[in-house]
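Q: Per full-length UniProt numbering, the very first residue in the sequence shown carries number 1; after that it's consecutive. Where is the CB? At the ideal position from N, CA and C, for every residue including glycine. Please read all numbers here as calculations on a predicted model, not as lab measurements. One structure is given below, represented as structure tokens, and several questions about it will come after.
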Amino acid sequence: MIDRYDWPGGTEAMLRFGPATGPVVVLALPPFEEANRTRTLMVSVLRQLAEAGIGGALPDLPGQGESLIATEEATLTDWRAAFAACVATLPRPRFSLSIRAGALVDGAADVQARWSLSPQTGAELSRELHRTAQAAGAPDGAGASRGAQPGSADSRVPAQAGIRGQAEDRLAEQRNPRLLPAQEHDMEPGTTRPGGAIEIAGNRIAIGLLDALADADIGTPDRIVRLESDARAADRRLPFSPPWRRAEPDANAALAQALADDIAEWVRTWRAA
Numbered sequence: 001m002i003d004r005y006d007w008p009g010g011t012e013a014m015l016r017f018g019p020a021t022g023p024v025v026v027l028a029l030p031p032f033e034e035a036n037r038t039r040t041l042m043v044s045v046l047r048q049l050a051e052a053g054i055g056g057a058l059p060d061l062p063g064q065g066e067s068l069i070a071t072e073e074a075t076l077t078d079w080r081a082a083f084a085a086c087v088a089t090l091p092r093p094r095f096s097l098s099i100r101a102g103a104l105v106d107g108a109a110d111v112q113a114r115w116s117l118s119p120q121t122g123a124e125l126s127r128e129l130h131r132t133a134q135a136a137g138a139p140d141g142a143g144a145s146r147g148a149q150p151g152s153a154d155s156r157v158p159a160q161a162g163i164r165g166q167a168e169d170r171l172a173e174q175r176n177p178r179l180l181p182a183q184e185h186d187m188e189p190g191t192t193r194p195g196g197a198i199e200i201a202g203n204r205i206a207i208g209l210l211d212a213l214a215d216a217d218i219g220t221p222d223r224i225v226r227l228e229s230d231a232r233a234a235d236r237r238l239p240f241s242p243p244w245r246r247a248e249p250d251a252n253a254a255l256a257q258a259l260a261d262d263i264a265e266w267v268r269t270w271r272a273a
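Okay, structure coming up:
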């Protein structure tokens, strides 16, 4: 079912699954291209949970999915506020699910517990965006904004802007004050500014958002599941390849079943505690 929820910045769509009462899980997808690669899989997971009597919700966040807000206007602050607002509209007990950098979004939501698949910190996401820009063939990871003229300010914005510790980027930014990090202009972290966006893999991303992501952490999920290629600490490891690495979305039925089973058992355990 397609529903909507209100948050302080407007109204966004969300998909609802399963019963209207009882436990409900709210899913935070990773942003940008990884959302496209994991959405089909996770919709399958939510449908299987619905069949097991567990409700589900998949909200569009500002600047993502079918949101009317432009991607370049998205901020981390807004993502977190919108996710928390969505959760607040749902009945208790509530649980959050996240994939990869979706774990950056659900920490402030009023939920009983948090489950995460291969959580990714903001610094890790920033590095990956930089690598994506480099792989696209832009020199030094720079992604020119669509329509930017050679030599214009937008065409000179480095893809790694906002990743701290890059001294060469800061020197370049100091020569163009309008490209300084958001906090150096006394702006809230995650706030965008006119013209302060770059294009990476078809997504125009605000430099303010990149700055916010570089310092963002995931907190401590209550349960972490990883796939076999990820050697970091986990509560469980599943023998599947990462769906976010595939060129096209793939609803791996076996992986969807394994994830749904793990989440369902986890929810039941928390309810029984």
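Less than 8 angstroms between the beta carbons of residue 279 and L97, yes or no?
A: Because the chain in this structure spans residues 1 to 273, residue 279 falls outside the shown range and cannot be described.
Q: Taking a contact to mean a Cβ-Cβ separation below 8 angstroms, would you say E248 touches R237 in this structure?
A: Cβ atoms of E248 and R237: not closer than 8 angstroms.
Q: Does the Cβ of S241 have 16 or more other Cβ atoms within 10 Å, making it buried, or fewer, making it exposed?
A: Exposed, because fewer than 16 other Cβ atoms sit within 10 Å of the Cβ of S241.
Q: Kindly list the residues whose CB is nearer than 6 angstroms to the CB of A109, restricted to its own chain and excluding five residues on each side of it in sequence; keep chain order.
A: Cβ neighbours of A109 beyond the five flanking positions: F83, A84, V87, S96.
Q: May I ask you to report which of helix, strand or coil DSSP gives M42?
A: Three-state result, M42: helix.
Q: Mind listing, in chain order, the continuous beta strand (DSSP E) runs of no fewer than 3 residues lying wholly within the stretch 202-236?
A: Fully enclosed beta strand (DSSP E) runs of 3 or longer: 203-206, 223-227.
Q: Whose CA, out of R131, R271, P243, lies closest to the CA of L259?
A: Nearest of R131, R271, P243 to L259, Cα basis: P243.
Q: Confirm, please, whether the CB-CB distance from G63 to A216 is below 8 angstroms.
A: No, the pair does not count as a contact, with Cβ atoms beyond the cut-off.
Q: Short check: CB of V25 to CB of I263, under 8 angstroms?
A: Yes, Cβ-Cβ distance for V25 and I263 is below 8 angstroms.
Q: Which value, in whole angstroms, describes the spacing of the CA atoms of A251 and V45?
A: Computed Cα separation, rounded: 9 angstroms.
Q: Measuring only the C-alpha atoms, how far is I224 from P119?
A: Roughly 7 angstroms separates the two Cα atoms.
Q: Determine the burial state of L68: buried for a count of at least 16 other Cβ atoms within 10 Å of its Cβ, exposed for fewer.
A: It is exposed - the Cβ of L68 has fewer than 16 other Cβ atoms within 10 Å.
Q: May I ask you to report which of helix, strand or coil DSSP gives G22?
A: Of the three classes helix, strand and coil, the one that applies to G22 here is coil, per DSSP.
Q: Buried or exposed: G56, going by 16 or more other Cβ atoms within 10 Å of its Cβ?
A: Result: buried.
Q: Along the chain, which unbroken stretches of the alpha helix (DSSP H) at least 4 residues long are found entirely within the stretch 48-89?
A: If we require 4 residues or more, the alpha helix (DSSP H) runs fully inside the stretch 48-89 come out as 76-88.
Q: Given a cut-off of 8 angstroms on the beta-carbon distance, is the pair G107 and L29 in contact?
A: Taking 8 angstroms as the Cβ cut-off, G107 and L29 do not qualify as a contacting pair.
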